[in-house]
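A.B. asks: Provided herewith is a single structure, encoded as structure tokens, for subsequent inquiry.
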Amino acid sequence: MMTQAPPRPQSKWPFGLFRAARIAAKNLFRHNVVIQYPKERYNQPKRSRWAVEQIFADDGSIKCTACKICEQSCPDHCIEIDVETRQDKTKFIHSWHYERAACMMCGLCVEACPFGAIRMGHDYELAHREPGLKSIDLLTEVEAAGARKKEAEDA
Amino acid sequence: MALDSVVGENSIVFLKSEQFFDWARGRSLWYMAFGIACCSLEGLIAAAGPRFDFDRHGIFYRGVPRHSDVMIVAGTVNRKMAVIVKRLYEMMPEPRYVISMGACANAGGPFREYPNVVTGVDKIIPVDIYIPGCPPRPESVQYGFLQLRKKINDEAKARLDK
Amino acid sequence: MNPWLVALLRALLILLVMLLNGAMAIYMLRKVLGHAHLRLGPTELGPAGLAQLLADIVKLLVKEDRHPNRSDRWLYIIAPFIVFVPSFMTFAFIPFSNKLVAANPDLSLLMMLAFMSIPPLGIFAAGWASRSKFATIGAVRAVGGMITYEIPLLLSALPPVMLAGSMNLQAIVVSQSTSIWYVLPCLPSFIMFLICAQMETSQTPFDMTEADQELVAGFATEYSAMRFGFMYLAEFAENFVMAALAVTLFLGGWTLPGISAAALGPFAVLVFVAKCYILIFLFMMIRGTYSRYRVDHYMEVGWKRLLPISVVWIMVFAAALRVIAMLKGGA
Chain A
1 MMTQAPPRPQ SKWPFGLFRA ARIAAKNLFR HNVVIQYPKE RYNQPKRSRW
51 AVEQIFADDG SIKCTACKIC EQSCPDHCIE IDVETRQDKT KFIHSWHYER
101 AACMMCGLCV EACPFGAIRM GHDYELAHRE PGLKSIDLLT EVEAAGARKK
151 EAEDA
Chain B
1001 MALDSVVGEN SIVFLKSEQF FDWARGRSLW YMAFGIACCS LEGLIAAAGP
1051 RFDFDRHGIF YRGVPRHSDV MIVAGTVNRK MAVIVKRLYE MMPEPRYVIS
1101 MGACANAGGP FREYPNVVTG VDKIIPVDIY IPGCPPRPES VQYGFLQLRK
1151 KINDEAKARL DK
Chain C
2001 MNPWLVALLR ALLILLVMLL NGAMAIYMLR KVLGHAHLRL GPTELGPAGL
2051 AQLLADIVKL LVKEDRHPNR SDRWLYIIAP FIVFVPSFMT FAFIPFSNKL
2101 VAANPDLSLL MMLAFMSIPP LGIFAAGWAS RSKFATIGAV RAVGGMITYE
2151 IPLLLSALPP VMLAGSMNLQ AIVVSQSTSI WYVLPCLPSF IMFLICAQME
2201 TSQTPFDMTE ADQELVAGFA TEYSAMRFGF MYLAEFAENF VMAALAVTLF
2251 LGGWTLPGIS AAALGPFAVL VFVAKCYILI FLFMMIRGTY SRYRVDHYME
2301 VGWKRLLPIS VVWIMVFAAA LRVIAMLKGG A
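Residue numbers (the working numbering), protein chains in the order written: chain A, 1 to 155; chain B, 1001 to 1162; chain C, 2001 to 2331.
Here it is as structure tokens:
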């Protein structure tokens, strides 16, 4: 239980006014605390969450296997993956559709992805003019990374 | 200030003066904070507070729609609130801009599937800048304002090129 | 020269002074409030944000002017002028230096205080003509407060008149150069004058007229663009007038202790303006420090506390002056 000092009794003299004046005078000589935005940036913590981004390896390949676990785990249904499974069980992603404007950036999709294919970005300068940018395609017309192909390589 | 009725709409005097006026309009945006929900604390109050100062850019808080240029819609818009949003938008004098801030005002946000929520304030009023985030950082909102300033100047330049 | 031309030139010069002062005061307000809140004011435009004011004024000039449909059209248009013109007229009586005073009648203090009681009427007209709930409530509160605090204002301006023996502002300043500044013998009057000045210019802690969170800009709710800019400018002009009156009555006007008027020469204007701006800085610091009074609280303070105190103080002061005169005459 927190113990606090007993409240000061209210006196009939306006001491509060003088205390306020002293605080104001002291504050005049303090340095300002402004982070001047376009010139100085704030160091974000490592785990700060902004829009979802795909992780691309150095040669441009992706890790997404189009398993759709992220689509199922998103509470707002912001992710929509249009994938085509071919005859030889490989998948072809037509579009990895992401409704960025409605995303609440909870990070459940990143936690749920078993292959570590997506991450929460660190870029907070996301304002845009065109309404068309409200929902974007993160991947279009690429081959999904194959989990079976990886097993075949290991074997 | 009906300069275009005096010298004609395509004259260079009017266009250059409009460019100067658009410079002034972009530099002194007074916003009417229409803070409905959580985004208002972050992007309207905190962004104008001591840590991230809006006043450096000339952006100032006026409570009245009649004195303001920009309306920042911050928060989820219900169907009841939609009527009020429309009324306040019409109370603002021209030239007026709207910034839709946060996931709820852009596209309904986490509450998209509720029957009462309007999915995006641009179904009611025309929006100029969308700021994604839940809630956006105060710097995101300042970046949004800088984008708005660029948009105003681009419109002025487009008019000049025409 | 033609006296009409001289009068016109003087009026134009006073208008220029008023506009310059308004610009300076608005810039100063944003910077002072910013630094009091541990942030910066405008910094982006111009060196240290000086051109910000230019952008603001240009924007206000070219904005669309909207008026509510059901408003009282004539009164709506005239009300900003009723607020603006008397504030502008009071600039004429302020003695800026030995020779720089636009109008110097014998009762200039009385005329100045009379002109300063007209703006509340304009504020009420503005609120009434807008025909909206917030505007009317704001106007009624503003007028109530302003007429309440005018009486202690007038009464606290009397002790310097008693000491100087004349109601002419220039004569009061000159008599302060021979004796001490009147702030020392009339200190309670000075404090009361500052409190009433804070109320007359609608600044916190007495800004019920435009309490943003409660009244949505009070009487100016339905005014847009330059009409609003007019009333804004009138408020800062009245700020300067109050500070100038306080400096003239209590702080020695354009004189400095120990230096004669001839030695000061043209620097008297600088001395006067510097003193005024120190007082304006004090007003702004008070504005940024204290919280707002409730309506019934400040009405109570005005009628039940300040008014009796000022009346009693005048009686005590006059009695003391008489006693001192009798002692000097007797001894």
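Beta carbons are placed, not taken as given, at the ideal position from N, Cα and C, and that holds for glycine.
1) Using a Cβ cut-off of 7 angstroms, which residues of the segment 79-104 of chain A contact any Cβ in chain B, in chain order?
2) Going straight from the alpha carbon of C:S2132 to that of B:M1032, what length do you get?
3) Would you mind stating whether C:N2021 and C:F2236 have Cβ atoms separated by less than 9 angstroms?
4) Among the candidates A:P45, A:I93, A:P75, whose CA atom is the shortest distance from the CA of A:C64?
5) If you follow the alpha helix (DSSP H) that C:S2291 is in, where does it begin and where does it stop?
6) In whole angstroms, what separates the C-alpha of C:L2327 from that of C:A2126?
7) Kindly list, in the order they appear in chain E, the residues whose Cβ is closer than 9 angstroms to that of C:H2297.
8) Is the Cβ-Cβ distance between C:L2155 and C:L2008 less than 9 angstroms?
9) Could you tell me whether the Cβ of A:D137 comes closer than 9 angstroms to any Cβ of chain B?
10) Could you tell me which chain B residues have their CB closer than 7 angstroms to the CB of C:H2037, listed as they occur along the chain?
11) B:N1187 by DSSP, collapsed to three states: which one?
12) Compare the Cα-Cα distances from B:L1044 to each of B:P1115, B:F1014, B:V1073 and report the closest residue.
13) Which residues of chain C have a Cβ atom closer than 7 angstroms to the Cβ of A:A117, listed in chain order?
14) C:V2101 by DSSP, collapsed to three states: which one?
15) Around the C-beta of C:R2030, are 16 or more other C-beta atoms found within 10 angstroms, so that it is buried, or is it exposed?
16) Beta carbon of B:G1108, beta carbon of A:L126: below 9 angstroms?
17) Is B:R1025 close to chain C? Criterion is C-beta to C-beta, closer than 9 angstroms.
18) What does the Cβ neighbour count give for C:A2243, buried or exposed, with the cut at 16 atoms within 10 Å?
19) Could you list the residues in the segment 24-58 of chain A with a C-beta less than 7 angstroms from some C-beta on chain C, going in chain order?
20) Taking one C-beta from the segment 1021-1028 of chain B and one from the segment 2042-2055 of chain C each time, how about it: are there three or more such pairs within less than 8 angstroms?
21) Starting from the C-beta of B:M1101, find all residues in its chain whose C-beta is less than 6 angstroms away, skip the five residues before and the five after it, and write them out in chain order.
22) Given that a residue counts as buried once 16 or more other Cβ atoms are within 10 Å of its Cβ, and exposed if not, what is B:P1138?
23) Against chain C, does B:D1154 count as a neighbour if the rule is that its beta carbon must be under 9 angstroms from one of theirs?
24) Any idea if A:T140 is buried or exposed, counting beta-carbon neighbours within 10 angstroms, 16 or more meaning buried?
25) What does the Cβ neighbour count give for C:V2241, buried or exposed, with the cut at 16 atoms within 10 Å?
26) Under 7 angstroms Cβ to Cβ from B:Y1097, same chain only, skipping five residues before and after it: list those, please.
27) In the DSSP assignment, the beta strand (DSSP E) including A:R119 goes from what residue to what residue?
28) Mind checking C:N2239: buried by the 16 CB within 10 Å criterion, or exposed?
29) Any idea which residues DSSP pairs B:S1166 with across the strands?
30) Starting from the beta carbon of C:Y2027, find every residue of chain A whose beta carbon is closer than 9 angstroms, and list them in chain order.
31) Hey, how far is the Cα of B:M1001 from the Cα of C:D2065?
32) Determine the DSSP secondary structure at B:N1167, reduced to helix, strand or coil.
33) Could you give the distance in angstroms between the alpha-carbon of A:K12 and the alpha-carbon of C:M2315?
34) Under 7 angstroms Cβ to Cβ from B:N1116, same chain only, skipping five residues before and after it: list those, please.
35) Enumerate in chain order the residues of its own chain whose CB-to-CB distance from A:P114 is below 8 angstroms, with the five nearest sequence positions on each side excluded.
36) Within 9 angstroms (strictly less), CB to CB, does B:D1053 reach chain A?
C.D. replies: Walking through what the data contain:
1) Here the close residues are E99, R100, A101, A102, C103, M104.
2) Taking the straight line from one Cα to the other gives about 19 angstroms.
3) With contacts defined by Cβ atoms closer than 9 angstroms, C:N2021 and C:F2236 form a contacting pair.
4) For A:C64, the closest C-alpha among the options A:P45, A:I93, A:P75 is that of A:I93.
5) For C:S2291, there is no enclosing alpha helix (DSSP H), since its DSSP letter is neither H nor E.
6) In a straight line, the C-alpha of C:L2327 is about 54 angstroms away from that of C:A2126.
7) The question asks about chain E, but that chain is absent: this structure's protein chains are A, B and C.
8) Inclusion of C:L2155 and C:L2008 in the CB contact set at 9 angstroms is not warranted, their separation being larger than that value.
9) No, no contact with chain B.
10) Contact of C:H2037 with chain B by beta-carbon distance below 7 angstroms involves P1050.
11) Residue 1187 of chain B lies beyond the residue range present for chain B, which begins at 1001 and ends at 1162; the question has no answer from this structure.
12) Minimum Cα distance to B:L1044 is reached at B:V1073.
13) Near A:A117 there are no residues of chain C at all, since even the closest Cβ is about 42 angstroms away, more than 7 angstroms.
14) For C:V2101, the three-state secondary structure derived from DSSP is coil.
15) The residue in question, C:R2030, is buried, as its Cβ has 16 or more Cβ neighbours within 10 Å.
16) No, these two residues do not count as a Cβ contact at 9 angstroms.
17) Judged by the 9 angstroms Cβ criterion, B:R1025 is in contact with chain C.
18) Buried is the call here.
19) Within the segment 24-58 of chain A, those residues whose Cβ lies closer than 7 angstroms to any Cβ of chain C are, in chain order, A24, N27, L28, R30, N32, V33, V34.
20) Counting Cβ pairs under 8 angstroms, three or more are found: they touch.
21) Leaving aside the five residues that flank B:M1101 on each side, the residues in its chain whose CB is nearer than 6 angstroms to its CB run, in chain order, C1039, G1043, I1072, A1074, I1131.
22) Classification for B:P1138: buried.
23) So, not an interface residue.
24) Classification of A:T140: exposed, given that the 10 Å Cβ count is below 16.
25) The residue in question, C:V2241, is buried, as its Cβ has 16 or more Cβ neighbours within 10 Å.
26) The residues are D1069, V1070, D1128, L1148.
27) Boundaries of the beta strand (DSSP E) around A:R119: 118-120.
28) Buried is the call here.
29) Not covered by the structure: residue 1166 of chain B. The range shown for chain B is 1001 to 1162.
30) Simply none; closest approach about 17 angstroms.
31) Any reading at B:M1001 must be qualified, since the residue scores a pLDDT of 45, below 50, and its modelled position is unreliable; no value is offered.
32) Nothing about residue 1167 of chain B can be read from this structure; chain B reaches only from 1001 to 1162.
33) The alpha-carbon atoms of A:K12 and C:M2315 are separated by roughly 26 angstroms.
34) If we look at B:N1116 and ignore the five residues flanking it on each side, its Cβ neighbours are N1078, R1079.
35) The beta carbon of A:P114 is closer than 8 angstroms to those of C67, I69 in its chain, skipping five residues each way along the sequence.
36) B:D1053 belongs to the set of residues whose beta carbon lies under 9 angstroms from a beta carbon in chain A.
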